[in-house]
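Single-structure report; data block below.
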């Protein structure tokens with residue numbers, strides 16, 4: 001089917017409109033963050049005030065909060081990726097008694113919102129002495145991420161080339177070797193997409209870190225930004241600079257993995 005020039009122009013025009021709508025808030029925050037904070041700054045500094053980022057970093061203690069977020073995200077993503085890959089392989093490559101029911105139990109982690117379980121979960125973790133620790137923040141998010149990751153990897157393994165598995169089994173490979181040496185290299189685009197989504201969700205999580213650290217000993221970057229907003233409700237410049245500092249790791253990781261992310265999304269169509 002041949003697309004006419006008018007249709008092509010219309011498609012590009014629609015895409016440009018939506019791109020402008022999506023980029024306008026980002027550009028607004030960036031311009032605000034690099035604008036002069038006071039009239040005195042406008043007279044003494046140049047047109048771009050990079051020092052606003054340094055001020056927000058120091059005054060908002062974003063170095064500490066970003067380290068906490070990195071630690072939580074690394075723990076959640078690493079554990080959830082390994083466990084989701086193994087569970088997805090079990091549900092996608094095999095059929096065993098109760099597999100369908102057990103898979104639906106896994107899906108409850110996607111369907112049940114965190115707001116519905118966060119209060120009883122807090123009391124359980126407090127009873128175990130885990131509140132105000134990294135485990136109290138990470139473990140609930142590991143469970144949520146495993147639910148999604150199992151669903152995602154099951155879809156991939158169900159559509160994987162069966163000849164690869166059969167050839168490996170004929171060579172004497174066990175399940176461990178088939179999974180990690182044969183299927184995982186092929187599943188790299190899908191796993192990259194899964195890792196990026198898990199990292200983004202964990203990085204932006206607000207409720208669980210807020211509840212699981214009642215004393216505020218372990219504040220993550222979104223919590224630090226909320227606290228910074230309370231301190232600088234009038235200082236929109238520093239607040240915008242803090243928002244950039246919090247969002248920058250996710251943006252950098254997405255730009256670095258963009259090609260793998262897109263290929264994983266295109267290959268991630270669920271086939272039941």
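In full-length UniProt numbering, the protein residues as written are 1 to 272.
Every residue gets a Cβ at the ideal spot worked out from N, C-alpha and C, and that includes glycine.
Values in this document were obtained by computation on a predicted structure and should not be read as measured data.
Beta-carbon spacing of residue 146, residue 84 below 8 angstroms:
Taking 8 angstroms as the Cβ cut-off, residue 146 and residue 84 qualify as a contacting pair.
Between 20, 47 and 66, which has its C-alpha nearest residue 247's C-alpha?
When only C-alpha atoms are compared, the closest one is 66.
Between residue 155 and residue 99, what straight-line distance do the alpha-carbon atoms span, to the nearest angstrom?
If you take the alpha carbons of residue 155 and residue 99, they lie about 14 angstroms apart.
Rounded to the nearest angstrom, what separates residue 17 and residue 8 at their Cα positions?
Taking the straight line from one Cα to the other gives about 14 angstroms.
What number of angstroms, rounded off, separates the C-alpha of residue 175 from the C-alpha of residue 207?
Roughly 38 angstroms between the two C-alpha positions.
What number of angstroms, rounded off, separates the C-alpha of residue 169 from the C-alpha of residue 151?
Cα-Cα distance, rounded: 25 angstroms.
Among 245, 141, 171 and 163, which residue has its Cα nearest to the Cα of residue 202?
Selection 245, 141, 171 and 163 evaluated against residue 202 yields 141 as nearest (Cα-Cα).
Contact between the segment 54-68 and the segment 237-245 is defined here as three or more beta-carbon pairs at a separation below 8 angstroms; is this criterion met?
Output reads yes: the segment 237-245 touches the segment 54-68.
Note down, in chain order, each residue of its chain lying with its Cβ closer than 7 angstroms to the Cβ of residue 224, except the 5 sequence neighbours on either side.
Excluding five sequence positions before and after residue 224, the CB atoms of its chain that fall closer than 7 angstroms to its own CB belong to 60, 61, 62 and 65, given in chain order.
Would you list, in sequence order, the uninterrupted alpha helix (DSSP H) runs of no fewer than 4 residues that lie entirely inside the segment 134-194?
Listed in chain order, the complete alpha helix (DSSP H) runs (minimum 4 residues) inside the segment 134-194 are 134-158 and 162-170.
Closest by CA to residue 249, which one among 129, 73 and 191?
Considering only alpha carbons, the answer is 73.
Going by C-alpha distance, which of 161, 143 and 10 is nearest residue 89?
Looking at the Cα atoms, 161 is the closest of the given residues.
Here's the rule I'm using: 16 or more other beta-carbon atoms within 10 Å means buried, otherwise exposed. How should residue 163 be labelled?
That one is exposed.
Limits of the alpha helix (DSSP H) - the one that residue 57 falls within:
Unbroken alpha helix (DSSP H) run through residue 57: 51-59.
Straight-line CA distance for residue 104 to residue 110?
The alpha-carbon of residue 104 is positioned some 10 angstroms away from that of residue 110.
The ligand FAD and residue 152: does the residue's C-beta get closer than 7 angstroms to at least one heavy atom of that ligand?
Ligands displayed in this structure: none; no statement on the ligand FAD is therefore possible.
Residue 239 burial status per 10 Å Cβ neighbour count (16 or more: buried):
Buried.
Reduced DSSP secondary structure (H/G/I, E/B, other) of residue 269:
Its pLDDT being 43, under 50, residue 269 is placed unreliably by the model, and nothing is read from it.
If we count the other Cβ atoms within 10 Å of its Cβ and call it buried at 16 or more, is residue 205 buried or exposed?
Residue 205 should be labelled buried.
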